[in-house]
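In this text, residue positions in the sequence shown follow the working numbering: the first is 90, and each later residue adds one. Beta carbons: idealized from backbone N, C-alpha and C, even for Gly.
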Amino acid sequence: MKISRASATKASSAKMSIGYWSRKSDMAVSIKNGHCMWFGPRLAGWMAAAAAALLAACGGAPTRTSALKPPTGAAIVPGQVAAKRLTPVAWQQVPGWQDDSLIGATAALRQNCARLARQPAWTRACAAADRLDELDVSSARTFFETYFTPFQLANTDGTLDGLVTGYYEPLLHGSRVRRGPYQYALYRWPAGYRAGAALPARAQLERAGILNGNELVWVDDPIEAFFLQVQGSGRVLLDDGSVMRVGFGGTNNQPYRSIGKWLLDRGELTPAQATMQGIKAWAKANPTRVDALLDTNPRFVFFRDMPTKEDAPHGGADGPIGALGVPLTPERSIAVDPSSIPLGTPVFLQTTRPLTNTPMNRLVFAQDTGSAIKGGVRADYFWGLGDDAGDQAGRMKQVGRMWLLFPNS
Numbered sequence: 090m091k092i093s094r095a096s097a098t099k100a101s102s103a104k105m106s107i108g109y110w111s112r113k114s115d116m117a118v119s120i121k122n123g124h125c126m127w128f129g130p131r132l133a134g135w136m137a138a139a140a141a142a143l144l145a146a147c148g149g150a151p152t153r154t155s156a157l158k159p160p161t162g163a164a165i166v167p168g169q170v171a172a173k174r175l176t177p178v179a180w181q182q183v184p185g186w187q188d189d190s191l192i193g194a195t196a197a198l199r200q201n202c203a204r205l206a207r208q209p210a211w212t213r214a215c216a217a218a219d220r221l222d223e224l225d226v227s228s229a230r231t232f233f234e235t236y237f238t239p240f241q242l243a244n245t246d247g248t249l250d251g252l253v254t255g256y257y258e259p260l261l262h263g264s265r266v267r268r269g270p271y272q273y274a275l276y277r278w279p280a281g282y283r284a285g286a287a288l289p290a291r292a293q294l295e296r297a298g299i300l301n302g303n304e305l306v307w308v309d310d311p312i313e314a315f316f317l318q319v320q321g322s323g324r325v326l327l328d329d330g331s332v333m334r335v336g337f338g339g340t341n342n343q344p345y346r347s348i349g350k351w352l353l354d355r356g357e358l359t360p361a362q363a364t365m366q367g368i369k370a371w372a373k374a375n376p377t378r379v380d381a382l383l384d385t386n387p388r389f390v391f392f393r394d395m396p397t398k399e400d401a402p403h404g405g406a407d408g409p410i411g412a413l414g415v416p417l418t419p420e421r422s423i424a425v426d427p428s429s430i431p432l433g434t435p436v437f438l439q440t441t442r443p444l445t446n447t448p449m450n451r452l453v454f455a456q457d458t459g460s461a462i463k464g465g466v467r468a469d470y471f472w473g474l475g476d477d478a479g480d481q482a483g484r485m486k487q488v489g490r491m492w493l494l495f496p497n498s
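See below:
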């Protein structure tokens, strides 16, 4: 979805679809249009801070509808739904707000403040956040209610519901040397090719010798390697007991095609089975057909060896680095469309747990992006590291509503 890198946004855009649902398709193209929103005086400082995060600004005179006016919209994606308006509400009008314990939320906010504290709109809130006791739930709730105003986010057609999917950080097993079960390489960008150049499709890359000598690490499962490419970053537990963190290093600039949809179209899986878990089960039952399955997707992702916790910036924080440039926090970070939601924005998310109607109401933070995360009420929820997180992410395709929390001036 999606690591220290030259362009965090590019790294995040490597995240693609899990299984059948094309969650991270790279085919969307942004255009400008006339849908605009404005800030009132109270949020003018936040507008200035958010402007750099937006892809483009709209002009024209605002129509005054309330004392608090919503932020400027930007690029709209054809065929998708993007933010059109925000409505300020009282905290008592945010359903489920009292359900979240907020444990971990202030830590995620402090990650935001590492990038945003110097912006005038954030100065007061970030200074107060430094004084919070992480385990004092009552104080945390009072803090957010004091320093932020909630705005309910609507789509361009006025609807309030949107799609919430999930992503995670994979954990693979591997070796720096090809041996035993470790027969499947993760590759760095091939030497001799200009960065960003279009390269051949997956099948030709892997079989024509183009990538020879560019092996970064060897892993023990081709399907796990594929889903690492889907997510764009992860970790490899090496055979010597050390952990290697790998981050996005570019793509071959070929189109992404869903292997889950290919299996579904051929009757190999039912719609209910066309998930990450279903694809892994199919691969285990059909090991001789795995190469043919993977070849149906021309897209190929390259990786880089990234800092581990011991030598990472941000005080040794352990999550992958999102598009905001700060470590992601499991179950507190989301990927968003930055043309609709400025990066760094706290968001109260009302949704349900994967494959259930069990409410899941969480304060999260817009800290990442993804190339198929397009529209207004649209989020990709970061579950964390490893198989359990992957199971949740692979099953998540829920309806949700969102309230953006803007700092009070």
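**OP:** Check whether the Cβ atoms of residue 447 and residue 440 lie closer than 8 Å to each other.
**Re:** Going by C-beta atoms, residue 447 is not nearer than 8 Å to residue 440.
Original post:
Any idea what DSSP makes of residue 209, helix, strand or coil?
Top reply: Helix, per DSSP.
**OP:** In angstroms with no decimal places, state the Cα-to-Cα distance between residue 225 and residue 299.
**Re:** Looking at the two C-alpha atoms, the distance is approximately 56 Å.
Subject >> Coarse secondary structure for residue 189, derived from DSSP in three states >> reply: The answer is coil: DSSP assigns residue 189 none of H, G, I, E or B.
**OP:** Closer than 6 Å by C-beta to residue 140: which residues in its own chain qualify, once you throw out the five before and the five after it? Chain order, please.
**Re:** The predicted position of residue 140 is uncertain, since its pLDDT is 36 and thus under 50; no value can be drawn from it.
Original post:
Would you say the beta carbon of residue 220 comes nearer than 7 Å to a heavy atom of the ligand FMN?
Top reply: Absence of the ligand FMN from the depicted structure is noted, as is the absence of any ligand whatsoever, leaving it without description.
**OP:** Would you check if the distance between the CB atom of residue 220 and the CB atom of residue 191 is smaller than 8 Å?
**Re:** Cβ atoms of residue 220 and residue 191: not closer than 8 Å.
Subject >> CB of residue 314 within 8 Å of CB of residue 288, strictly >> reply: No; because the gap between Cβ atoms is not below 8 Å, this pair is not in contact.
Original post:
Quick one: what's got a C-beta closer than 6 Å to residue 307's C-beta in the same chain, skipping five residues either side?
Top reply: When the five nearest sequence neighbours on each side are left out, the beta carbons in the same chain lying within less than 6 Å of the beta carbon of residue 307 are those of 263, 264, 267, 271 and 274, in order along the chain.
Original post:
Are the segment 381-396 and the segment 418-430 in contact at 8 Å, needing three or more beta carbon pairs?
Top reply: Taking 8 Å as the limit for Cβ pairs, the verdict is that the segment 418-430 does not touch the segment 381-396.
**OP:** Have a look at residue 326 and residue 261 and give me their C-alpha separation to the nearest angstrom.
**Re:** Inter-residue distance for residue 326 and residue 261 is about 6 Å (C-alpha atoms, whole angstroms).
Original post:
Sorted by chain position, which residues of the same chain lie with C-beta nearer than 7 Å to residue 194's C-beta, five sequence neighbours on each side aside?
Top reply: For residue 194, where only same-chain residues beyond five positions count, the Cβ hits under 7 Å are 229, 421 and 452.
**OP:** Go to residue 349, then tell me how far its alpha helix (DSSP H) extends in each direction, as first and last residue.
**Re:** It spans 348-354 - the alpha helix (DSSP H) in which residue 349 sits, taken as one unbroken run.
Original post:
Counting Cβ pairs, one atom from each stretch, are 3 or more of them under 8 Å apart for the segment 291-298 and the segment 477-488?
Top reply: Taking 8 Å as the limit for Cβ pairs, the verdict is that the segment 477-488 does not touch the segment 291-298.
**OP:** Measure the alpha-carbon distance for residue 181 versus residue 436 and round it to whole angstroms.
**Re:** Computed Cα separation, rounded: 16 Å.
Original post:
By a C-beta neighbour count over all protein chains shown, 10 Å radius and 16 as the cutoff for buried, is residue 179 buried or exposed?
Top reply: That one is exposed.
Subject >> Boundaries of the beta strand (DSSP E) in which residue 304 is found, first to last residue >> reply: If you look at residue 304, you'll find it in the beta strand (DSSP E) that goes 304-308.
Original post:
Quick one: what does DSSP say residue 463 is sitting in, helix, strand or coil?
Top reply: In the three-state reduction of the DSSP assignment, residue 463 falls in the coil class.
Original post:
If you pair each beta-carbon of the segment 197-217 with each one of the segment 453-464, do three or more pairs fall below 8 Å?
Top reply: These segments touch.
Original post:
Can you check whether the CB of residue 387 is closer than 8 Å to the CB of residue 578?
Top reply: Nothing can be reported for residue 578: it is not among the residues displayed for the chain, which extend from 90 to 498.
**OP:** Specify the secondary structure class of residue 439 as computed by DSSP and reduced to three states.
**Re:** Strand.
Original post:
To the nearest angstrom, how far is it from the Cα of residue 362 to the Cα of residue 312?
Top reply: Residue 362 and residue 312 have their alpha carbons spaced roughly 16 Å apart.
Original post:
Beta-carbon of residue 471 versus every beta-carbon of chain D: anything under 8 Å?
Top reply: You won't find chain D in this structure, because it holds only one protein chain.
Original post:
Is the Cβ-Cβ distance between residue 259 and residue 323 less than 8 Å?
Top reply: If you check the CB distance, residue 259 and residue 323 come in under 8 Å.
Original post:
Can you tell me whether residue 496 is buried or exposed, with buried defined as 16 or more other CB within 10 angstroms of its CB?
Top reply: By the 10 Å Cβ count, residue 496 comes out buried.
**OP:** Report the partner residues of residue 340 according to the DSSP bridge assignment.
**Re:** Partner(s): 390.
Original post:
Once you ignore the five residues that flank residue 297 on each side, which residues in its own chain have a CB closer than 8 Å to its CB?
Top reply: For residue 297, where only same-chain residues beyond five positions count, the Cβ hits under 8 Å are 289.
Subject >> Residues that DSSP places opposite residue 487 in a beta bridge >> reply: In DSSP, residue 487 forms a bridge with 253.
Original post:
According to the neighbour-count rule (16 or more other Cβ atoms, all chains shown, within 10 Å of its Cβ), is residue 187 buried or exposed?
Top reply: Around the beta carbon of residue 187, a 10 Å sphere encloses fewer than 16 other beta carbons of the protein chains shown; the residue is thus reported as exposed.
**OP:** Determine the contact status of residue 410 and residue 416, defining contact as a CB-CB distance below 8 Å.
**Re:** Going by C-beta atoms, residue 410 is nearer than 8 Å to residue 416.
Original post:
Taking C-beta to C-beta, are residue 485 and residue 438 nearer than 8 Å?
Top reply: Result no, Cβ atoms of residue 485 and residue 438 do not sit closer than 8 Å.
Original post:
Quick one, which of 301, 237 and 320 has its alpha-carbon nearest residue 256's?
Top reply: Among 301, 237 and 320, the Cα nearest to that of residue 256 belongs to 320.
Original post:
What distance in whole Å lies between the Cβ atoms of residue 305 and residue 348, which are believed to be in contact at a cut-off of 8 Å?
Top reply: Wrong, their Cβ atoms sit about 22 Å apart, outside the cutoff.
**OP:** Helix, strand or coil for residue 496, going by three-state DSSP, please let me know.
**Re:** DSSP places residue 496 within a strand segment (E or B) once states are collapsed to three.
**OP:** Scan the segment 255-328 and note each continuous beta strand (DSSP E) run of 3 residues or more that stays entirely inside, going in chain order.
**Re:** Segments of the beta strand (DSSP E) lying fully in the segment 255-328: 260-264, 273-276, 304-308 and 323-327.
Original post:
Can you check whether the CB of residue 450 is closer than 8 Å to the CB of residue 250?
Top reply: No, Cβ-Cβ distance for residue 250 and residue 450 is not below 8 Å.
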